[in-house]
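Numbering (our numbering), first residue to last: -13 to 60.
The structure appears right after this line, and notes come after that.
Below is the structure:
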């Protein structure tokens, strides 16, 4: 599984000039690479509030919430 949040974070980093890449191309490569996309759902966002504060990065918190609610291994 590849979280849509990961593609979102990559798109932000590319836009800020911190990394080189093409988030759109990467998103198209997900199924071609044998992975499935995990969309960000409301229940994932809501679960972020239940996480301990030691997960400070918002994207890391969302990935953890997705893993817990689905359940998936992170």
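By construction, the Cβ of each residue, glycine as well, lies at the ideal position given by its N, Cα and C atoms.
Ranked by Cα distance from residue 11, the first of 4, 24, -6 is -6. The Cβ atoms of residue -10 and residue 22 lie no closer than 8 Å to each other. In this structure, DSSP gives residue 24 an extended state, which the three-state scheme calls strand. Going by C-alpha positions, residue 17 is about 33 Å away from residue 40. The distance from the Cβ of residue 15 to that of residue -3 is about 14 Å, inconsistent with a contact at the 8 Å cut-off. Listed as beta-bridge partners of residue -8 by DSSP are no residues whatsoever.
For residue -12, the CB contacts under 8 Å within the same chain, skipping 5 residues up- and downstream, are 16, 21, 22, 23, 24 in chain order.
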